[in-house]
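Comments concern the structure below.
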Amino acid sequence: MLGWTIFCNPVALPTSSILWLLLPLTFAVSLVYRAIKTPDADRIWLRTLTTFVFLTAGMAALGVAIYLLQLFALRCL
Amino acid sequence: MEESVIVNAMENDRKKHGFDWLTATLLAWALPGMGHVFLGRAKRGIIICVTITALFWSGIAVGGVMTIDSRYEKWWFYAQILNGASGVISWLRSEREFREIEKTPEMQQLIADTLYMRAGMGFKTDRTIRISASPTGRPDELQMATDAKLAQKGISLACPEEDVARSYTGIAGLLNLLCMFDVFMLAVIGDGKTAEETIRKAGT
Numbered sequence: 030m031l032g033w034t035i036f037c038n039p040v041a042l043p044t045s046s047i048l049w050l051l052l053p054l055t056f057a058v059s060l061v062y063r064a065i066k067t068p069d070a071d072r073i074w075l076r077t078l079t080t081f082v083f084l085t086a087g088m089a090a091l092g093v094a095i096y097l098l099q100l101f102a103l104r105c106l
Numbered sequence: 045m046e047e048s049v050i051v052n053a054m055e056n057d058r059k060k061h062g063f064d065w066l067t068a069t070l071l072a073w074a075l076p077g078m079g080h081v082f083l084g085r086a087k088r089g090i091i092i093c094v095t096i097t098a099l100f101w102s103g104i105a106v107g108g109v110m111t112i113d114s115r116y117e118k119w120w121f122y123a124q125i126l127n128g129a130s131g132v133i134s135w136l137r138s139e140r141e142f143r144e145i146e147k148t149p150e151m152q153q154l155i156a157d158t159l160y161m162r163a164g165m166g167f168k169t170d171r172t173i174r175i176s177a178s179p180t181g182r183p184d185e186l187q188m189a190t191d192a193k194l195a196q197k198g199i200s201l202a203c204p205e206e207d208v209a210r211s212y213t214g215i216a217g218l219l220n221l222l223c224m225f226d227v228f229m230l231a232v233i234g235d236g237k238t239a240e241e242t243i244r245k246a247g248t
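As you go down the protein sequences, you meet chains A and B in turn.
For the first sequence, the numbering used here begins at 30 and goes up steadily by one.
For the second sequence, the numbering used here begins at 45 and goes up steadily by one.
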């Protein structure tokens, strides 16, 4: 049995957890983007939060739209 | 307002700060956020440093040492290496694993066969070409043998870890590219504050 070492061996992720891992990624993108773009440095966190919500909601909406589109396409076939 | 006033104001802005754009951009690449710190934007620099570094190493923690794969995942590799020191360290670690695998006699034989086959088919025979995927885009025998060896060592990547790890590390690199571009622009044209002040004064 091989030992598991962090940063060396991959972690066994359950497939169902993948979508949740999108949230930290979206938050990181929002934070870096706002750290660059926000003129007032004190407002970075607030702007990050709004960007994060917009991004997440936008991707969820896009996901639903594509899901409905493929349902429609399957019925047409 | 005359254009020359604006141009002079921007030039004064740049001179006041006296930024070396090359040093700033290289720093931004080497350690994410350090370019901003160098330009006097410490708070933003620290936020960028912590976020990008954490995102990159989270990806490595999920995918392990082979998340950086300069041989079979070239496009991801180009994005990942934009993480600077973290990217280079991880790349050197994965290369060490590849070299260890290649030392075995069966892999040496397979490399030699692939080299011979590709030379016969008229492809280039340098190291980069002989270890990359086949011209058809399908994984060749060498790649499959390498994957098998990595699996034996318990470090090969498979879905879904592969997708998560490469997305995290690759996107961290692309975010750092964005930061490098921001640092470059700030260093070349300044932050505009002094210019704005001069223009306002000239306007009143």
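Just so you know, even glycine gets a beta-carbon here, dropped at the ideal spot from N, CA and C.
Beta carbon proximity, Pro39 of chain A to chain B, threshold 7 Å: One-based indexing of the first sequence puts residue 39 of chain A at position 10. Yes, Pro39 of chain A lies at the interface with chain B (some Cβ there is under 7 Å from its Cβ).
Cutoff 7 Å: Ile199 of chain B Cβ touching any chain A Cβ: Position 155 of the second sequence, counted from the first residue, corresponds to residue 199 of chain B. Contact with chain A is found for Ile199 of chain B, since one of that chain's Cβ atoms lies less than 7 Å from the residue's Cβ.
Looking at the C-beta of Ala64 of chain A, does it have a partner C-beta in chain B at a distance below 7 Å? Along the first sequence, read from residue 1 onward, the residue named residue 64 of chain A stands at position 35. Interface annotation, Ala64 of chain A: in contact with chain B, CB-CB separation under 7 Å.
Using 7 Å as the limit for Cβ to Cβ distance, is Met30 of chain A near chain B? Residue mapping note: residue 30 of chain A aligns to position 1 of the first sequence, counting from 1. Only weak support exists for where Met30 of chain A lies, its pLDDT of 44 falling under 50; the value from the coordinates is given anyway. Residue contact check for Met30 of chain A against chain B: no CB pair falls below 7 Å.
Near Leu71 of chain B, what residues of its chain come up, given a Cβ to Cβ distance below 7 Å and the 5 sequence neighbours on each side ignored? As a working mapping, residue 71 of chain B is identified with position 27 in the second sequence. Scanning its chain for C-beta atoms nearer than 7 Å, with the 5 sequence neighbours on each side dropped, one finds around Leu71 of chain B the residues Met78, Gly79, Phe82, in chain order.
Taking the C-alpha atoms as reference points, what is the distance between Ser178 of chain B and Glu146 of chain B? Residue 178 of chain B sits at position 134 when you count from the first residue of the second sequence. Residue 146 of chain B sits at position 102 when you count from the first residue of the second sequence. Model confidence at Ser178 of chain B stands at a pLDDT of 47, short of 50, so the residue's coordinates are unreliable and nothing is read from them.
Name the residues in the region 101-114 of chain B whose C-beta lies less than 9 Å from a C-beta of chain A; which are they? Residues Trp101, Ser102, Ile104, Ala105, Val106, Gly107, Gly108, Val109, Met110, Thr111.
7 Å is my cut-off, CB to CB: does Lys118 of chain B come that close to chain A? Position 74 of the second sequence, counting from 1, holds the residue named residue 118 of chain B. For Lys118 of chain B, the answer is no, since every Cβ of chain A falls outside 7 Å of its Cβ.
Per-residue contacts from Leu208 of chain B into chain A (C-beta, under 8 Å): Reading the second sequence from its first residue, position 164 is the one you call residue 208 of chain B. What sits at residue 208 of chain B in the sequence shown is Val, not Leu. The answer, in chain order, is Leu42, Ile47, Leu50.
When you compare only the Cα positions, how much space is there between Leu97 of chain A and Leu48 of chain A? What you label residue 97 of chain A is simply residue 68 of the first sequence in a count that begins at 1. What you label residue 48 of chain A is simply residue 19 of the first sequence in a count that begins at 1. Inter-residue distance for Leu97 of chain A and Leu48 of chain A is about 18 Å (C-alpha atoms, whole angstroms).
For chain B, is any of its Cβ atoms less than 7 Å away from the one on Ala89 of chain A? Counted from its first residue, the first sequence places residue 89 of chain A at position 60. Judged by the 7 Å Cβ criterion, Ala89 of chain A is not in contact with chain B.
Buried or exposed: Asp71 of chain A, going by 16 or more other Cβ atoms within 10 Å of its Cβ? Counted from its first residue, the first sequence places residue 71 of chain A at position 42. By the Cβ neighbour-count rule, Asp71 of chain A is exposed, with fewer than 16 other Cβ atoms within 10 Å of its own.
In whole angstroms, what separates the C-alpha of Trp74 of chain A from that of Leu42 of chain A? For the purposes of this step, residue 74 of chain A is taken as residue 45 along the first sequence, with counting starting at 1. For the purposes of this step, residue 42 of chain A is taken as residue 13 along the first sequence, with counting starting at 1. Approximately 30 Å, taken between the alpha carbons.
Give the DSSP-derived three-state secondary structure of Arg115 of chain B in the structure shown. The count along the second sequence starts at 1 and reaches residue 115 of chain B at position 71. Reduced to three states, the DSSP call for Arg115 of chain B is coil.
Would you kindly check if the distance between the Cβ of Val106 of chain B and the Cβ of Val2 of chain B is under 7 Å? This structure does not reach residue 2 of chain B, given that chain B is present from 45 up to 248, and the question cannot be answered.
State the DSSP-derived secondary structure class of Thr158 of chain B, mapped to helix, strand or coil. Numbered from its first residue, the second sequence carries residue 158 of chain B at position 114. Reduced to three states, the DSSP call for Thr158 of chain B is helix.
Chain A partners of Ser211 of chain B, CB-CB under 8 Å? By 1-based counting over the second sequence, the position of residue 211 of chain B is 167. The answer, in chain order, is Leu54.
Just to confirm my understanding: we take Trp73 of chain B, look at its own chain, exclude 5 residues before and 5 after, and list those with CB closer than 6 Å. What are they? As a first step, residue 73 of chain B must be located in the second sequence, where it is residue number 29. The residues are Gly128, Met224.
Please list, in chain order, the chain A residues whose beta carbon lies closer than 8 Å to that of Pro204 of chain B. The count along the second sequence starts at 1 and reaches residue 204 of chain B at position 160. Residues of chain A passing the Cβ test: Leu42, Thr44, Ile47.
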